[in-house]
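Visitor: After the structure tokens below, expect a handful of questions from me.
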Amino acid sequence: MHELGSSSGGSKWGRRADPMFIGDRLRTTQLVRIINEPNPLNSTSVRVTWQLRRIPAHYIDGYRISYRVLPDYDQSFRVMEDDSSFMEDTVLGGSVMTHEIIGLEKYTVYELFVRPFFRDVIGQQSNVVRIRTAEDGNFLYI
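Numbering (our numbering), first residue to last: 2 to 143.
Here's what the structure looks like:
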């Protein structure tokens, strides 16, 4: 069994890191924060970077990045079949804290957040951010 700090109370958690305790912490505490606005890499992909707080990375098995299209005034003509459903990418490894989401729609607004997981327990979601993918790189010069 691993400890998260000294048994003399030096740990913020102050308890042994058994699986039940880690699971409880994931369910009750926001442990992940998206630290920068996600960067559009091109017209169909973005990079998101986050920070893990209040728990060592080796107690996290990975992260779930959830994202969805948000309608806005530029897209109000589009019919959304189910605008509340999230797509999800899974990143394995607690020390990996950046991910590229690919295959997105061009010049589209997305809402996204990150959740850590440990075994079958999915933690509290991070802060929610919005990003617009870039426009297509093709320009018409006159």
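Glycine included, every Cβ here is placed at the ideal spot set by N, Cα and C.
Model, not experiment: these values are computed from the prediction.
Under 8 Å between the Cβ atoms of E101 and V70?
Guide: no
Visitor: Comparing C-alpha positions only, which one of T91, P20, V115 sits nearest to L53?
Guide: For L53, the nearest C-alpha among the options comes from V115.
Visitor: Any idea if M98 is buried or exposed, counting beta-carbon neighbours within 10 angstroms, 16 or more meaning buried?
Guide: buried
Visitor: Taking the alpha carbon of R28 as the reference point, which residue from S127, S44, E112 has its own alpha carbon closest?
Guide: With distances taken between Cα atoms, R28 lies closest to S127.
Visitor: Considering G63, what are the terminal residues of the beta strand (DSSP E) in which it resides?
Guide: 63-70
Visitor: By DSSP, does Y108 sit in helix, in strand, or in coil?
Guide: Here Y108 sits in coil by DSSP.
Visitor: Helix, strand or coil for D84, going by three-state DSSP, please let me know.
Guide: With a pLDDT of only 47 at D84, under 50, the local geometry of the prediction cannot be trusted, and no value is derived from it.
Visitor: May I have the straight-line CA-CA distance separating I23 from I56, to the nearest angstrom?
Guide: Near 9 Å, if we compare the C-alpha coordinates of I56 and I23.
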